[in-house]
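Just so we're aligned: the sequence shown equals residues 99 to 138 in my numbering.
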Amino acid sequence: MSVLIGFENTVAGRLQPVSATLESYDPFTGKPWALIPVTE
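Here it is in structure tokens:
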């Protein structure tokens, strides 16, 4: 498995840590490529 790119939320111009993420899949390869923040 390759390393996934991680994203953070930006609030008021500052990066904020996230409590949960989901995998985003590349539609061409069908493989995960990034971790996207989930707002709970």
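In this text, a Cβ means the ideal position worked out from N, Cα and C, and glycines have one as well.
TODO: Would you check whether the ligand HEM has a heavy atom nearer than 7 Å to the C-beta of residue 115?
DONE: Questions concerning the ligand HEM fall outside what the structure shown contains, since it holds no ligand whatsoever.
Task: Same chain, Cβ closer than 7 Å to residue 107, neighbours up to 5 away in sequence not counted - done: On the sequence shown, residue 107 is found 9 positions in, with the first residue counted as 1. Same-chain partners within the cutoff: 114, 116 and 135.
Task: Distance between beta carbons of residue 125 and residue 102, contact taken as under 8 Å - done: Counting from 1 along the sequence shown, the entry for residue 102 is found at position 4. Counting from 1 along the sequence shown, the entry for residue 125 is found at position 27. By a beta-carbon distance limit of 8 Å, residue 102 does not contact residue 125. Their separation comes to about 16 Å.
Task: Reduced DSSP secondary structure (H/G/I, E/B, other) of residue 101 - done: The sequence position of residue 101 within the sequence shown is 3, counting from 1. The answer is coil: DSSP assigns residue 101 none of H, G, I, E or B.
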